Amino acid sequence: MEEIRFYPLDINYKIQEGKTYVYLYGRRDSGKRACIKDGSFIPYFFAEAGDVTVLQEIVRGLKVEGRYEVVRALKTEITERIYRGKVRNLLKIYTNTPKQISPLRKELETFPGVKCYEHDVKYTHNYLREKGIILGRQIKVKGELVNERSKVPVWMASEMSLDESESIKDPRILSFDIETYNKEGKVMIPERNPILMVAFYGMDGEVPFKKVITWKKFETKKNYIEFVEDEGILIKRFKQVIEEYKPDILTGYFTDGFDFPYLEVRAKKQRISLDINLDYSSLNFGKEGTGVLIRGISHVDIFQFIRNVYSKGLETNTLDLNSVASEILNEGKKDVDLDNLAKVWDEKPEELEEFCEYNLHDAYVTYELCLKLMPEMLELVKLIGLPISEVTRMPFSRLVENYILRRAKETNVLAANRPAYDEIKERRTKTYKGAYVVEPKPGLYDNLVVFDFRSLYPTIIAAHNVGLDTLRCECCEGKDVVPELGYWYCKEKKGFLPSVIEGLISRRLRVKEMMKGNKDELLKARSMALKYLANSFYGYLGFFAARWYCWECAQSVTAYARDYIQRTMSKAEERGFEVVYGDTDSLFVKLNDKSVEDAKEFMEEINIDLPGQMELEYEGFFPKGIFVALKSREGGAKKKYALLSDKGDIKITGFEFVRRNWSEIAKSVQERVLNQILREGDVEGAFDYVKKIIKKLRSKEVEIDKVMIHTQLQKPLEEYDAIGPHVKVARDMLAKGYEVREGMVVEYVICEGKGLVRDRAKMISEVKEGDYDAEYYIGHQIIPAVSSIFAVLGYNEEDLVSESSQKGLGDFF
DNA sequence: AGAGCGCGGGG
DNA sequence: GTGTACGCGCTCT
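With our numbering, the residue at position 677 of the first sequence is 676, and numbering never jumps.
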């Protein structure tokens, strides 16, 4: 028997001889990777009935036909949990394996009056919560080495204890990126196009680990470039490099959606198994969207973390590697024209070196991103307690939910079930208003200051005890009634959710206290993670798929918030600021003759009066901004604005046209218009520019490339019910003998003629210059992209479209 | 008005 | 996840 100190990072489970074993993967304090196996946690769920002892008898005799086996309960016990503030008697039903829970539960729920709980909680998560294990934090394990096929030593645990004070530092990170053969631009056809090179970037102590593997030889002095015979060997080397580097974390950018799925197809084609799991099994590609999880190695797709969590604090609107890296690291991509890679590969291999550099650079940038964001990711991991590979892929609602689930376990609270399909459907229809307090006054503004009210919501939940178990309590009717709504929340007993969020707020305050005079990165990251979670609570309450969904609670939060915000707004007006726009969490004011200092002073004043930890924050100063009203929407306009920051960046919100299935001409016109208006202040010029483009369209001077629309075929052609333009064009192509396959991008142009849009859609190769329907492009591409912008400035569509060169102020729609 | 569909990220 | 679950805006029906 030995005792080892161990930082677990990843968890999964396996069935052996009918029994369930948990495998914890991580690093020992010695730095060596290891695996802890634990067979001590038996899967279970709960059932509730009028009389649980009767139910217990029934369960004892129950045999259910499962999918692969006859299932029966392993054992049962009667126990208590708190549900909606009340103690409940429950039957705890154990099974040999997690998969046996579902058939048993389904059978039990056919009995009248029987309801099951926690059958929908993931086994590995339940294990971690029950054992109190927080991934990333040290545990002490007593156990013995066992003989098992594995790339790291496996210890069978007999005892475990926690050491929460120690958490993992500097996990070993390896970043990778592939480049593929691609003649068709953005299309991805892994079945046909091979992987040309793969780059790695990591650190060996102080020395960078760099490698690019490719299978076409050329002269080079770069010693990190390694040549192999063919793509098959490249894939084998890919596996070897990972195995030799022994990373805790394997990272990349959009590796869930591109690199790994691509590798999967190519490896299959080459008959190579992608057995990079630490137990030598092959990579398991689940359903799309679930992410690629590697057994024992934490695969972190940095893009996922940024999209789900980190992008909230970013200026950039697009989340491509280049924009993200330049904002976070101040480092862009290498300036290489990737369109040329296939051509150079075929015709001028001697010029491949710059593509290898480019490849390596992407891996390097991704490594740096991962390193930079590691404190934030690890803090979230330690807060939620789940693997980094899962936490980085969770949207805010699931982060919140998993945090609550841990607190629930600690306080003997029974988890609410996930809503069933019908329930979700019903919840979706139950929207509530009250989010927007001040509708944007459409227009172009100078000198805006933006304040943020974010911590208002969590504080309201805590201060007013907003929760499911406190709503309309019997003891406090009529006290502290929610404005406009008439609900009330208990004043006597703290609710479960309010106490959870209170814990988050006070934890954050402690961290902030520690941060005074201490610029520690870890503290900053912890504070950020706590704030993010707390701020997500309100959204969670109103989220249709939430376990602890509470419509009344979500409603109440905004109702209380309106009260606070309205007062702040009138104070701002009193002080001579013009309130331009405000929604639930932010407030935009125009400075007029005031200064930024005045605005900050005003903010301080407000903060003095705010109760508890509520706080108005200064978001920034924006020399110019344009607010656009969304027509065709009742109850006020939605967020749609563009701001010019004092650093000269343009921050666009709500303009959704930067997409591939819009023509180049529409995208560029919108971009140019916003730039000209915000940067140059030249509305007339922008207007004239659009008129000029419209004229050009009409006189057929616009190149076909600029009006081409790209749309991808997302499924086999036969499976389409709705025949959109791209489907119709694909059919045409097929009829003409072109190859048409799932995943291809159909390029087409809308031409003149009669009927539906699709009847006028023609494949690009059949369209000559000038052969497009100008009115379609004007009406369906240019006008939608810019009309709302001009509308707020007093121009209307007529002005844009009319043949006359005269321009003038028109009516609003 | 409702259903069906593509987009994002990646080369 | 012990498997239904992104949200928006377009086009067709």
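Just so you know, even glycine gets a beta-carbon here, dropped at the ideal spot from N, CA and C. It should be emphasised that the depicted structure is a prediction, and the values quoted were computed from it without experimental measurement.
Collapsed DSSP secondary structure at residue i in the structure displayed
i, result
"residue 365", "helix"
"residue 214", "coil"
"residue 298", "strand"
"residue 9", "strand"
"residue 315", "coil"
"residue 582", "strand"
"residue 545", "coil"
"residue 708", "strand"
"residue 563", "helix"
"residue 88", "strand"
"residue 446", "strand"
"residue 810", "At residue 810 the pLDDT is 29, less than 50, meaning the model places this residue with poor confidence and gives no usable figure here."
"residue 486", "coil"
"residue 159", "strand"
"residue 254", "helix"
"residue 435", "Residue placement at residue 435 cannot be trusted, given a pLDDT of 48 that sits under 50; what the coordinates show is reported in the next sentence. In the structure shown, residue 435 sits in coil (DSSP, three-state: anything other than H, G, I, E or B)."
"residue 669", "helix"
Distance between beta carbons of residue j and residue i, contact taken as under 8 Å
i, j, result
"residue 271", "residue 312", "Not quite, the Cβ-Cβ distance comes to about 41 Å (not below 8 Å), so this is no contact."
"residue 602", "residue 450", "6 Å"
"residue 466", "residue 494", "3 Å"
"residue 510", "residue 529", "7 Å"
"residue 548", "residue 405", "Contact doesn't hold; Cβ gap of about 19 Å is too wide."
"residue 200", "residue 366", "4 Å"
"residue 250", "residue 172", "6 Å"
"residue 442", "residue 626", "6 Å"
"residue 297", "residue 386", "6 Å"
"residue 689", "residue 799", "6 Å"
"residue 751", "residue 714", "Contact flag wrong, Cβ pair sits at about 30 Å."
"residue 161", "residue 197", "Residue 161 to residue 197, Cβ: 39 Å. No contact."
Residues of its chain near residue i, where Cβ-Cβ distance is below 6 Å and the 5 sequence neighbours each way are ignored
i, result
"residue 84", "468"
"residue 82", "413"
"residue 379", "390, 528"
"residue 142", "154, 155, 156, 157"
"residue 210", "199, 223"
"residue 813", "Because the chain spans 0 through 812 in this model, residue 813 falls outside it and cannot be assessed."
"residue 456", "537, 556"
Exposure of residue i, with buried meaning 16 or more beta-carbon neighbours within 10 Å
i, result
"residue 117", "buried"
"residue 191", "exposed"
"residue 39", "exposed"
"residue 109", "exposed"
"residue 410", "exposed"
"residue 512", "exposed"
"residue 446", "buried"
"residue 178", "buried"
"residue 721", "exposed"
"residue 758", "exposed"
"residue 69", "exposed"
"residue 9", "buried"
"residue 60", "exposed"
Proximity below 8 Å, CB of residue i to CB of residue j
i, j, result
"residue 423", "residue 544", "yes"
"residue 6", "residue 131", "no"
"residue 388", "residue 292", "yes"
"residue 2", "residue 139", "yes"
"residue 771", "residue 703", "yes"
"residue 351", "residue 213", "yes"
"residue 324", "residue 299", "no"
"residue 664", "residue 599", "no"
"residue 461", "residue 501", "yes"
"residue 591", "residue 575", "yes"
"residue 355", "residue 221", "yes"
"residue 761", "residue 728", "yes"
"residue 94", "residue 152", "no"
"residue 51", "residue 107", "no"
8 Å Cβ shell around residue i - same chain, five flanking residues per side excluded
i, result
"residue 649", "641, 642, 643, 673, 674, 677, 678"
"residue 522", "510, 513, 514"
"residue 526", "507, 510, 511, 514"
"residue 407", "413, 414, 495"
Proximal residues to residue i (C-beta, below 7 Å), its chain only, five neighbours per side dropped
i, result
"residue 76", "91"
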